[in-house]
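Per this note's numbering, the sequence shown runs over residues 139 to 550. Notes to accompany the following structure.
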Amino acid sequence: MFDPYKIREDFPILKRKINNHPLIYFDNAATSQKPKQVIEAIKEYYELHNANVHRAVHTLSLEATELYESAHEETAKFIGAESIEEIIFTKGTTEAINTVAYSWGLRNLKKGDEVLVTLMEHHSNIVPWEILSKIKGFKVRYIDVNKDGTLNQQALEEALSPKVKMVCVTHVSNVTGVINDVRHIAKLAHENNALILVDGAQSVPHIPINVKELDCDFLAFSGHKMLGPTGIGVLYGKREILEKMEPFHGGGEMIREVSYNPKNQSCKITWNDLPWKFEAGTPNICGGVGLMSAIKYLKNLGMDNAKAHECALTEYTIKRLQECEKVRVYGPKDTKVKCGIVPFNLEGFDSHDLALLLDTYGIMIRSGFHCAQPLHQRLELKSSARASFYIYNTKEEIDKFVEVLKEIEKSL
Ligand SMILES: Cc1ncc(COP(=O)(O)O)c(C=O)c1O
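The following block contains the structure:
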């Protein structure tokens, strides 16, 4: 049975008091807390198995390699990928998206082409495409969102044309929690002979994902938002597409051979097999180990259960916030189309001031633009406060949060 109170016992940080109040952590969209199982796995790796991977023939290196490759396997199974060849470890979602931009985009995009990006993207799915467009001369076109923050389907369909080579879309918005119908968007993109890149930073940690069912060409996500450590993330890519792509980073590990020809004084280089051809240099081995442990933890709980719990908390928060006269909640309210995230403002309060005030009660929320300034502009918001939930949050925490907001309202 899914029991958030039991789950909480695995998270040492949740025992902390902040400003003499029990810690209420509602900033999960920024990063999640870590269970002792993940912390232990990292500790054990460094205490018992630490060595470099894929290089030496000694026992420790073989153990580290085995762990690192198993981490790719666990990740592949978790998202329904065919094999570890489709799983590239990166620093996080940002580096995964940059890998697509530079490994695929640099060679496949040219003047006259278009890359579609929605107005609800995190900056990490906007900025790499804007930078590359200045180099290659293609156009980045933005797909509008509706007033409630959902994607404007008509705008998307109208924007699709033979010029479009890539559609970039977040699976779940990090501001509103809106869940995009990625399967449908993938179908539209493919009918248009375009590829689709899905930003899964806010979906993979919270809802069940199967890349085959979604039929996405690329999926990017971060370990630290799903109980894992920072500095490890994933780029999933369809094998046939990755095979045709050239690496973005060069160095050790990603090559099969570098042979020097003294006659013309140059090197002939052949790439390593997938996925290693995209993992130049010593990788984040212990990050991979931590991610594997996080995935096992989530699998054990069941992603359907995680989603149901977070949707219930979201519904409860939205309902209870109606008791606050001066609180405005943004985005859709129905958890059929959203999950886990509640953006809001308290009238007359700057979002950062509100977050600071809540901190004095031990409540951690995010404030500002959440790295999604174009969406805030579109929704005509100067900034917003954001409460985002995870498997260890409880209704009692939400009750305390609403009580404190009411108290702040009264004091205005
Ligand atoms: C939707 C979305 N995409 C991308 C990112 C960037 O993730 P990272 O900073 O782990 O690379 C985030 C982080 O907040 C996000 O919410």
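Just so it is clear, CB atoms sit at the ideal spot from N, CA and C, and this is done for glycine as well.
Using a threshold of 8 Å, state whether the C-beta atoms of C354 and V336 are closer than that.
yes
With contact counted as at least three CB pairs below 8 Å, one residue from each stretch, are the stretch 309-316 and the stretch 473-490 in contact?
yes
Is the Cβ-Cβ distance between G338 and L357 less than 8 Å?
yes
Who are the Cβ neighbours of E212 in its own chain at under 6 Å, not counting the five residues just before and after it?
M430 and I433
Which ranges would you report for the alpha helix (DSSP H) in the stretch 465-532 if only whole runs of at least 4 residues count?
489-497 and 511-516
Under 8 Å by Cβ, that's how I've got T164 and A525 pegged, so tell me the actual separation to the nearest angstrom.
Residue identity differs from the one stated: residue 164 is Phe in this sequence, not Thr. Confirmed, about 4 Å.
I'd like the span of the beta strand (DSSP E) that includes G371, first residue to last.
G371 to G375
If you drop the 5 nearest sequence neighbours on each side, which residues of the same chain put their C-beta closer than 7 Å to that of R516?
L257 and V283
DSSP has M304 in a bridge; who is on the other side?
V253 and L333
Using the C-alpha atoms, what's the distance from W409 back to K415?
6 Å
Hey, A194 and L254: beta-carbon distance below 8 Å or not?
no
For D148 and K174, believed in contact at Cβ under 8 Å, the rounded distance:
5 Å
Proximity to N166 [Cα-Cα], best of N531, G287 and I281
N531
Spatial distance of E185 from V427 (CA atoms)
13 Å
Alpha-carbon to alpha-carbon, V349 and R466:
36 Å
Secondary structure, alpha helix (DSSP H): runs of 4+ residues fully inside the stretch 162-240
174-182, 197-217 and 231-237
For E395, the residue or residues it bridges with in DSSP:
T408
Alpha carbon to alpha carbon, how far is H196 from A444?
41 Å
In its own chain, which residues sit with a C-beta less than 7 Å from the C-beta of Q460, not counting the 5 before and 5 after it?
none
Going by Cα to Cα distance, which pick from V316, P346, Q291 and I345 is closest to A324?
Q291
Mind checking which residues open and close the beta strand (DSSP E) that includes A551?
One cannot answer for residue 551 here, as it falls past the ends of the chain, which runs 139 to 550.
Of all the options N330, R321, G361 and L543, which has the alpha carbon lying nearest to the alpha carbon of E351?
R321
Return the first residue and the last residue of the alpha helix (DSSP H) that R146 is part of.
P142 to R146
Under 8 Å between the Cβ atoms of R458 and E223?
no
Terminal residues of the alpha helix (DSSP H) in which I423 lies
I423 to L439
State the beta-bridge partners of I317 as determined by DSSP.
V310
Buried or exposed: which applies to M139, given that a residue is buried once 16 or more other Cβ atoms fall within 10 Å of its Cβ?
exposed
I need the straight-line Cα distance from S489 to T498, nearest angstrom please.
15 Å
Outcome for A450 when other beta-carbon atoms lying within 10 angstroms are tallied against a minimum of 16
exposed
Would you report the Cα separation of A523 and F482, rounded to the nearest angstrom?
5 Å
Which residues DSSP lists as bridging H159, in chain order:
I156
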